[in-house]
Amino acid sequence: MLAVTAADTAAAGRAAAEQQMTDACRIERTGPVVTSQDGTDTTPTTLVYEGPCRVKPAGTAAVIPSATAPSETWQYKLSIPYEQGANVRSNDRVTITGSQDPTLADLRLQVRNIDRGTHITARRIWCTEVSR
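Residue 1246 is where the sequence shown starts when you use my numbering, and the numbers rise one by one after that.
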């Protein structure tokens, strides 16, 4: 009889999780503002990840108090393949580049935190919606 290890189970779970990643996204990191000699400011970006993902709501909208009017901010849980998420960090920017749900088209998110663990099946990335 073959012994099934935790690593075997995690690998099977990762394969199953990736089959549910039918959306697509791009994750970028913005660098510090660079001012050229002519005074033009640019903000360089670095591609961190581009590929399949899964987008799920992470609960209800959070209401942010304001002096003028309260606003809502939506929370999402983004899943990407386990092996691809090691370089994702808080404050990275996510753009949903493809989805079967048309309301997710061009959705822009900011990474809040990332789940990490030895036997997790996907990188689950907790995000907040930013203006489109």
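Every residue, glycine too, gets a C-beta built ideally from N, C-alpha and C.
- prompt: Using the rule of at least 16 other Cβ atoms within 10 Å of the residue's Cβ for burial, across every protein chain shown, is Val-1375 buried or exposed?
  reply: Looking up residue 1375 in the sequence shown gives position 130. Classification of Val-1375: exposed, given that the 10 Å Cβ count is below 16.
query: Where does Leu-1352 sit, in a helix, a strand or coil, going by DSSP?
result: Position 107 of the sequence shown holds residue 1352. Three-state DSSP puts Leu-1352 in coil, outside helix and strand.
- prompt: Going by the beta-carbon positions, is the gap between Gln-1355 and Thr-1373 smaller than 9 Å?
  reply: What you label residue 1355 is simply residue 110 of the sequence shown in a count that begins at 1. What you label residue 1373 is simply residue 128 of the sequence shown in a count that begins at 1. Contact: yes.
field: Whole-angstrom distance between Glu-1295 and Gln-1282, CA atom to CA atom
entry: If you number the sequence shown from 1, residue 1282 lands on position 37. If you number the sequence shown from 1, residue 1295 lands on position 50. Straight-line Cα distance between these residues: approximately 33 Å.
field: Inter-residue spacing [alpha-carbon to alpha-carbon] between Tyr-1327 and Ala-1269
entry: The count along the sequence shown starts at 1 and reaches residue 1327 at position 82. The count along the sequence shown starts at 1 and reaches residue 1269 at position 24. Between Tyr-1327 and Ala-1269, the alpha-carbon positions lie close to 15 Å from each other.
task: Scan the stretch 1248–1313 and note each continuous beta strand (DSSP E) run of 3 residues or more that stays entirely inside, going in chain order.
output: As far as the stretch 1248–1313 is concerned, its whole beta strand (DSSP E) runs of at least 3 residues are 1268–1275, 1290–1302 and 1307–1309.
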